[in-house]
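In my numbering, the protein residues as written are 1 to 283.
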C-alpha cells in the first residue's frame, strides 16, 4: 500500500520525535491477549486523533486512509484512562517552559472558566445552564502558567459555579504542581476560593477589571484568555461533543499538545481563514 497524502493536522517527523518515547514505553508495557500483534502504527493513531481534534468531525467520519475509527477511538479512550494523553501533554509543556528559560515546575498560575454548548449525545446529567452567560452545556475550569500553558483542567456541568469549580481546580493544582504558591483570578470567584487556596498554601489574588471604557487586556489574566483562543482553533472544542467529561478534558490536552509541539519545532498552526484576493471578487 502506498503512503497516503499528508493532512495539515499530521505530526511532522520533528514533532513525532518529541512524543514517540511516551508511546514506545506505553506499547512496551502492554501485555495480555492481542497485544503482541502490533497491527496499527501509533503515529497514524495520533494523526487520526489530531485530525478529529482540529477539524471537529465525528469519529465515524474519519477518512478511510486512517485506521478504522473504532480502533482510533479505542486508543483515544485507553490513553485518556491510563494517563498517556496527559503524559504527552505534560512532557511537551515542560519542554516549552525550559525552552523559554523557565523551570519545569511553575510557581504561579492563572485560573478561569469557559462555558461551551454541548451536542445532542451529551447526557442531561452531564450538563447544565450557566445563568450568567445563558449557555446550556459544560464548563471548563482551567489553570495555566504565566505562559498560558495548561497546568490543570476539570470539566463540569455549566451550572457549576466558578467558585465551586475553582476549589476543585485548586485541589488538582496543589496535587499536581505543589510548587505553585500564587494564583491570579477574576472577580467571579468568591472568598471561599481564597480561603481554600490559603489552606493549600496558595495565595489567590483577584485581578480587578480596568475602570476605563473599551477593551483592555487584564494584567496577569490575559494569558489565560489567549489560551482559550488557542483552544478555539480546534473545532472539536468549539462545542463539547464528548459523551464523558474526562474525554472532553483529554481533547483539551490534545489541543495543547498540538500547540506546544508546533511551538517547539517552529511550525505554524494553520488557521481556518481563507484568503480572498480582490482579483477573485466579481461584482
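In this text, a Cβ means the ideal position worked out from N, Cα and C, and glycines have one as well.
{"Item": "Just grab the DSSP bridge partners of residue 117 for me.", "Value": "137"}
{"Item": "If you run the structure through DSSP and keep just helix, strand and coil, what is residue 283?", "Value": "Any reading at residue 283 needs caution, since the residue's pLDDT is 35, under 50, leaving its predicted position unreliable; the model's value is listed next. Note: residue 283 maps to coil in three-state DSSP."}
{"Item": "Check for me: the beta strand (DSSP E) holding residue 184 runs from which residue to which?", "Value": "182-185"}
{"Item": "Whole angstroms is fine: what's the gap from residue 104's alpha carbon to residue 126's?", "Value": "34 Å"}
{"Item": "Given a threshold of 16 other Cβ atoms within 10 Å of its Cβ, counted over all protein chains shown, does residue 53 qualify as buried or as exposed?", "Value": "buried"}
{"Item": "Please work out which residues of its chain come closer than 6 Å, Cβ to Cβ, to residue 85, disregarding the five sequence neighbours upstream and downstream, and give them in chain order.", "Value": "79, 250, 253"}
{"Item": "What does the alpha-carbon distance come out to for the pair residue 59 and residue 257?", "Value": "19 Å"}
{"Item": "Distance check for residue 201 and residue 181, CA to CA, integer angstroms please.", "Value": "6 Å"}
{"Item": "Within 10 angstroms of the Cβ of residue 121, are there 16 or more other Cβ atoms? Answer buried if so, exposed if not.", "Value": "exposed"}
{"Item": "Out of curiosity, what's the CA-to-CA distance linking residue 18 and residue 261?", "Value": "8 Å"}
{"Item": "Where DSSP assigns a beta bridge to residue 205, which residues make up the other side?", "Value": "184"}
{"Item": "Does the Cβ-Cβ distance between residue 151 and residue 143 come in under 8 Å?", "Value": "yes"}
{"Item": "From which residue to which residue does the beta strand (DSSP E) around residue 130 run?", "Value": "128-130"}
{"Item": "Taking 8 Å as the threshold, find out whether the region 187-202 comes into contact with the region 225-233 through three or more Cβ pairs.", "Value": "no"}
{"Item": "Is the beta carbon of residue 130 closer than 8 Å to that of residue 186?", "Value": "no"}
{"Item": "My output table needs one value for residue 276: the three-state DSSP class, helix, strand or coil.", "Value": "In this prediction, residue 276 has a pLDDT of 49, which is less than 50 and means its spatial position is unreliable; what the coordinates show is noted afterwards. Of the three classes helix, strand and coil, the one that applies to residue 276 here is coil, per DSSP."}
{"Item": "Please name the residue, chosen from 234, 203, 183, that lies closest to residue 224 on a Cα-to-Cα basis.", "Value": "183"}
{"Item": "Give me the Cα-Cα distance between residue 44 and residue 98, rounded to the nearest whole angstrom.", "Value": "28 Å"}
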